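Working notes, structure below.
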Amino acid sequence: MEHETTSKSAPVDQVDAPASESRRGFLQIAALTGAVAAVSGRRAWANGDIGFHAKDLSDDKLVDMYRTILKIRWHERTQADEMLTNPDYRGYNHFYAGQEAVATGVCAALRNDGPFEQIDLAYSSHRPSGHAIAKGVDIPKMCAENDFRATGLNGGYAAEMHLSDPDVGFIGADGMIGPSMPIASGSAFAFRARGSDQVAVVFGGDGTYATPHFHSALNNAKLLDLPLIYVLENNLYHQYAHYSYSCPHRDIADAAAAYGIPSRVVDGQDVLQVYNAAKDAVDRARAGGGPSFIEAKTYRYYNHWGAPGATAGELGAFGYDPLAITSFRPEREVRAWMQRDPVDICRNTLVDWDVLDETRAAEIETEVKAEIEAAFAWASEQPLCTPEDGLKNVFADGAVPARQFG
Amino acid sequence: MEHETTSKSAPVDQVDAPASESRRGFLQIAALTGAVAAVSGRRAWANGDIGFHAKDLSDDKLVDMYRTILKIRWHERTQADEMLTNPDYRGYNHFYAGQEAVATGVCAALRNDGPFEQIDLAYSSHRPSGHAIAKGVDIPKMCAENDFRATGLNGGYAAEMHLSDPDVGFIGADGMIGPSMPIASGSAFAFRARGSDQVAVVFGGDGTYATPHFHSALNNAKLLDLPLIYVLENNLYHQYAHYSYSCPHRDIADAAAAYGIPSRVVDGQDVLQVYNAAKDAVDRARAGGGPSFIEAKTYRYYNHWGAPGATAGELGAFGYDPLAITSFRPEREVRAWMQRDPVDICRNTLVDWDVLDETRAAEIETEVKAEIEAAFAWASEQPLCTPEDGLKNVFADGAVPARQFG
Amino acid sequence: MAQKSWMYSVLEAVQYEMQQDPSMIWIFELTPPVASNPGKPVINLETEFGRKRVTNTGIDENWMASCCLGASLAGSRAATYIPYQGALMPFQVIQNVAGKLRHMTGGRASMPVVWIIEMTGQTPGFAGQHSCYEEDSYYAHVPGVRTVIPSTPYDAKGMMHAALRSPDPVVYLYPAGLRTLTEEVPDEAYEVPLDKAAVRQEGNDLTIVSSGGGMPGVLEAAATLGGEGMSVEVIDLRALKEMDTETLVNSVAKTRHLLTVDQSYYTLGPGAEVIARVAENVEGAKYKRVAFPDAPPPASPEMFTWMRPDAEKIAGAARALV
Amino acid sequence: MAQKSWMYSVLEAVQYEMQQDPSMIWIFELTPPVASNPGKPVINLETEFGRKRVTNTGIDENWMASCCLGASLAGSRAATYIPYQGALMPFQVIQNVAGKLRHMTGGRASMPVVWIIEMTGQTPGFAGQHSCYEEDSYYAHVPGVRTVIPSTPYDAKGMMHAALRSPDPVVYLYPAGLRTLTEEVPDEAYEVPLDKAAVRQEGNDLTIVSSGGGMPGVLEAAATLGGEGMSVEVIDLRALKEMDTETLVNSVAKTRHLLTVDQSYYTLGPGAEVIARVAENVEGAKYKRVAFPDAPPPASPEMFTWMRPDAEKIAGAARALV
Ligand SMILES: Cc1ncc(C[n+]2csc(CCOP(=O)(O)OP(=O)(O)O)c2C)c(N)n1
Ligand SMILES: Cc1ncc(C[n+]2csc(CCOP(=O)(O)OP(=O)(O)O)c2C)c(N)n1
Ligand SMILES: [Mg+2]
Ligand SMILES: [Mg+2]
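Given below as structure tokens:
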């Protein structure tokens, strides 16, 4: 089913990227004009209206953002390779590669350390490893968690789908599509009630638009002026269904704008555009100006879950995923998006701004790769869990009785 | 808390009635200008753009609508008097008086008899007695049901909050705020799937806007082009909370329009305006044009539930309702709305159109009163239920075991 | 110390905790959190603490419950009152998120949240969701959430203090049929534990176990049976999750006869769990359940009152069992 | 007749009923209703019946379930497949609307609707809602809805035909851990009743009662125990609501020993109801429950597999009981 867009307002901050066209529409344009191949990372930021806040940042902060994108990227690639080549490796992931600039740009605008009562909180809901790294979790411990180790971030109880770390304000993933949005709005309610200037950010996919929770969270955030930032990562698909099956809007941001919430569409491949939108939203929320909605147009390089279709040593997955059953996304769409890679766009910008040169940029990537490899190595040596510990942490104190033996 | 309206689009079909102003805003205007007292029933329909479809109706059909409004009104008044004066009377009601033109105008545009596979379905969800009468249920049986009689419309199982009668396509009330909207969309889905031109109508209060179901029902109705008509009766309050506590829009229709659904605001006190909007919506739905949303600005003359504050023989309730606790609506607001009474507006229009004269109009009212009195009399003589029947109708066949005796 | 109603006792506890903790919040639906009691000051949380901390929005019980969960995750204690019509609207977020979050974060999520979930007064004449009394079982099956159901104003206040001070999420069931009960309730704060049953009356011939709205009928039946010479031990569960097995087993080990009474439906009502726990631990006892049949409540008072367990039916079942 | 998998058997029944009844609809979430089986034609409901009758929309399980309910009220048979992550999203509408509607309309509402609700495969390594197995109890407490849980492809097909032909709303639980089971399943339509337990094996020393995903472990344990000389009667509940009391009581009256096995949580798992029903009717029997502890499933395979009941643990509990 093809849907006509019903929205009248023009997307904001739209760049000449393969954006939110319906799949067929996009492919037709790409085929007719060869436009995709002509889009380079360099051109993306050569747009007069980007870099407003970002241009004021210190070099260190900018390099940090580049480093964060690389950490997420290399965590993904290293883990995918582990999954594809190491039969003893048990971890899995909902890969975030391709979307790194979203988590990085948003979290760079947040307060990520300090006492729990002062830091900003991020709800990941789903596909959390990128959000976790951007918010600042300890990567070796996260790797241990993903590999079910007793010394992992969450003691081996969570694994990838439920990562969390309150120490850095990462409330984490709950694995459900929908519920985190109203919950995050509750944290925002608490901030406002106690007179704190903290903000709550919730990340959600295009799949969250259709959930009933979308309405609840946005309506109440608006009514109560809550410091909530809803970051919708529109990677065009939920599992293997294009978002036009679930949403009558071309830009989901239009749906949020209907509540009277300041809503923007950004190029999710460009970390600085994301940062700028997040910074505006955070400033508004801290000043008591209420909620914001950011729709980041982005794309994931791997399939929905795990590494089907991927090849060790290569970025992305192009094969057919049996999970998709009768519906799948075309390889040329994946390849088109990969030409506007968030790593390249960030690096190119920093080089153009003279924050880094190519040599230093490459060195940093080498350093990050090594750091991630060390994290996986450390994780693989961590102890496995003690079976009986499964009875703990049900309530704050004590353990529940075993019942499996009668 | 006062909310500024965020909507930019002008309300459609707005008349010079006390409409959806926030309570305080409305009272200020009323106090300053004395405008309310100047609004008469006669003036309401003297608006060039009403009566389009309605003007083409046969006299009989128009008189039927007048009669239906009167049936609802006298059912309300008779029942309120019973509750206030007859200590043996056990029935109760969520009174609909003041809103009669909404149910009447909508149902007049529907197909209300014929085989079940051909008639239009109406979901009442809540406050059902007006919807039931307008859809054509047998009034004596409904009175018996409301009085818990074995021969009532639903055998005494339902009472007022759960009235239903599939024979006239009245799927009825389920007593919940929210769930009926997605359910009604499911009936619409079935119509479309089986190639039928039936339509599904769901009535809901302003309270339904904030429910998560609002989003689900409208989004899916739009995506799937369902023949669903959502009639939102905005009587300004849910229980005793003004709708501005739950909705950032001045016109809730704006929220529906954001989905790309044709949405109108109508004067809910004028049955012909309601009919015209419903007729458009029904025609569109039957032709495969998908859903519509109608917001009827209206008002209830009694309190939320039962007859607190009402006086036998008088229309409306003005006293303080203990249920309201710290919040209640001002008496002058009730009296202002009562000056644009749906009975008067309908009668005046029909007299002006020469469909009736005042004498005949008064005769009809006398006939209807007698009919309603007879219905209550019949109902009061009906047998009470057999206790053991409570174990039946759990499943289609048989009865469940008694468990209350051990 | 004064005679206080259930809801006044509860709001007294909430008011005290909100005065102590300026970050605590309360969300309500339409009906403001106000209680009055003869001879006592009116409690109005909305006006006392202001609408930044105490607010209503629309009819969206799932948002109310989720909001409080999110507040608790942000370090603010939070409570809400869900009316009975919406009792199961927030079920999924309590069952699938709140109940699992502490465990699935390896103990890192703390959730000092209390959901007061109203159960109906089982009013004859209503029907469907307006007279049902079934949420006890649904919530009691959820791990990671403490589910309690006080049956007296004294317990209501003490368990509310305990619930608000607990780092665990608590489903606090309020059987609205008890709204007219009054008893002497201290003015100062005190705690009643969230995991202990109460032996309301000791006896040797028969153990009757019930909870919440079932208790008045059970106590009345026990008095009748006592007058007939039967020695009845009456246990009020109070805590549905974690259920106090020890008190149940000790009692039936003595009386050898167990009668459970649920206002909730028969199948998988709390009584099923009570019997199963005892049957696993006591040999040769005799068992019977009194419960609402597995049928929704009908509107007709004739049907409904016949179906609902009451003192007379309970006493009849006890006589048949012993 | 051919060896068929669970899901192929189910879709075969659905396909047949949809061919017979051109008004029947099916709603899915993201994953199209497609099944293949060696030597058999691929079944694809979406392409065979078209997107007007078979469609997906967004991630909104409550809408999916509500849509089917509304279709059934409009006189069209309807079914949907709710993935396990969303298993309790439609709970409120099933519990508070569908379950009550026939009764509260005095029998006037007819609801030929089937909600296939997936339960997880309890996959070690997942956690939280991705490995839980708890929806059986929640749905089984709801009156007015038939809750069934087939454990074999044969029953799956026969109970799907019966469910689709029933005017009652049916919650049809699918334990996804059984997805790899195959057995001989007839090609033609047939019905398996929605209210009868199955005696899978007769015996005299011990009755083991389980359902759904618990059955393979129980059958394996029974084989082991049989090899040791214990005569075990194995009952597969199949119907959770209405539960087949007679089969349970007759069996334990004979064996005097009852062991229940739940993959679901201990407290108020189906086993509690089984024991309570038997204990009310059989005197002097001995009882034991094997169940998942009252804890959410942790991710670590070491913790999870230790906590989950399996053949060895079941056999151990049986030896201790008899
Ligand atoms: C309530 C619920 N239903 C279904 C699922 C299964 N599920 C997991 S991820 C996913 C798709 C989510 O799509 P989107 O929101 O776009 O996020 P993306 O995977 O693209 O990052 C689904 C349906 C779930 N986790 N929760
Ligand atoms: C889910 C749910 N929550 C709460 C209630 C209790 N309740 C009954 S009517 C009502 C107010 C409804 O207001 P509105 O939708 O404006 O309809 P009106 O009463 O004005 O006709 C509420 C909250 C309910 N029936 N269902
Ligand atoms: Mg997506
Ligand atoms: Mg209203």
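Residue numbers (our numbering), protein chains in the order written: chain A, 1 to 406; chain B, 407 to 812; chain C, 813 to 1134; chain D, 1135 to 1456.
Just so it is clear, CB atoms sit at the ideal spot from N, CA and C, and this is done for glycine as well.
These figures come from a predicted structure and were not determined experimentally.
- Relative to the non-hydrogen atoms of ligand 2, the Cβ of residue 1142(D) never comes closer than 7 Å to any of them.
- Boundaries of the beta strand (DSSP E) harbouring residue 204(A): 200-205, taken from the DSSP string.
- Those residues having their beta-carbon less than 7 Å away from any non-hydrogen atom of ligand 4 are, in chain order, 611(B), 612(B), 613(B), 639(B), 640(B), 641(B), 642(B), 643(B), 644(B), 649(B).
- Runs of the alpha helix (DSSP H) lying entirely within the stretch 1337-1371 of chain D, each at least 4 residues long, are 1349-1361 in chain order.
- The three-state secondary structure of residue 838(C), taken from DSSP, is strand.
- The beta carbons of residue 1146(D) and residue 1167(D) sit about 12 Å from each other, so the pair does not count as a contact at 8 Å.
- The distance from the Cβ of residue 224(A) to that of residue 867(C) is about 7 Å, consistent with a contact at the 8 Å cut-off.
- Within the stretch 111-181 of chain A, the complete beta strand (DSSP E) segments of 3 residues or longer fall at 121-125, 170-173, listed in chain order.
- Annotation for residue 855(C): 823, 827, 847 place their beta carbon closer than 6 Å to its own, counting only its chain and skipping 5 residues before and after.
- For residue 724(B), same chain residues with a beta-carbon under 7 Å away, outside a window of 5 residues either side, are 715, 737, 740 in chain order.
- Neighbours of residue 560(B) in chain D, taken as residues whose beta carbon is under 9 Å from its own, are 1238, 1239, 1240, 1241, 1242 in chain order.
- With respect to the C-alpha of residue 357(A), the residue from 56(A), 54(A), 66(A) having the closest C-alpha is 66(A).
- Just measuring C-alpha positions, the residue of 996(C), 975(C), 1008(C), 1064(C) sitting nearest residue 1014(C) is 1064(C).
- Set against 7 Å, the gap from the CB of residue 1446(D) to the closest heavy atom of ligand 1 is not smaller.
- Set against 7 Å, the gap from the CB of residue 218(A) to the closest heavy atom of ligand 1 is not smaller.
- A Cβ-Cβ contact shorter than 8 Å links residue 562(B) with residue 551(B).
- Check the Cα spacing between residue 959(C) and each of 1050(C), 1126(C), 1069(C): the tightest is with 1050(C).
- CA-to-CA, the gap between residue 1329(D) and residue 1380(D) works out to about 11 Å.
- The DSSP-derived three-state label of residue 60(A) is helix.
- A Cβ-Cβ contact shorter than 8 Å links residue 871(C) with residue 613(B).
- Residues of chain C with a Cβ closer than 8 Å to the Cβ of residue 216(A) are, in chain order, 872, 874, 875, 878.
- Look at residue 1306(D) here: in three-state DSSP terms it is strand.
- Inside the stretch 1049-1130 of chain C, DSSP marks whole beta strand (DSSP E) runs of 3 or more residues at positions 1051-1053, 1069-1077, 1098-1104, from first to last along the chain.
- The alpha carbon of residue 103(A) has as its nearest neighbour, out of 154(A), 70(A), 53(A), the alpha carbon of 70(A).
- For residue 1271(D), the enclosing alpha helix (DSSP H) stretches over residues 1269-1274.
- Straight across, the Cα-Cα distance linking residue 865(C) with residue 218(A) is about 19 Å.
- DSSP links residue 698(B) through a beta bridge to 635(B).
- Judged by the Cβ position, residue 873(C) qualifies as a neighbour of ligand 2 at the 7 Å threshold, a heavy atom of the ligand being closer than this.
- The beta-carbon distance between residue 963(C) and residue 1081(C), rounded to whole angstroms, is 16 Å. This is too long to meet the 8 Å contact definition.
- With respect to the 8 Å criterion, residue 1101(C) and residue 1083(C) are classified as neighbours on the basis of their beta carbons.
- Pairwise C-beta distances place the stretch 1338-1346 of chain D out of contact with the stretch 1319-1326 of chain D, as fewer than three of them are shorter than 8 Å.
- If you draw a 10 Å sphere on the C-beta of residue 807(B), you find fewer than 16 other C-beta atoms in it, and that means exposed.
- If you look at residue 927(C), you'll find it in the beta strand (DSSP E) that goes 925-931.
- Nearest CB-CB separation between residue 665(B) and chain D: not below the 8 Å threshold.
- Between residue 187(A) and residue 885(C) the beta-carbon gap is near 6 Å, inside 8 Å, which marks them as a contact.
- Within chain C, not a single residue places a beta-carbon under 8 Å from that of residue 654(B); the smallest gap is close to 10 Å.
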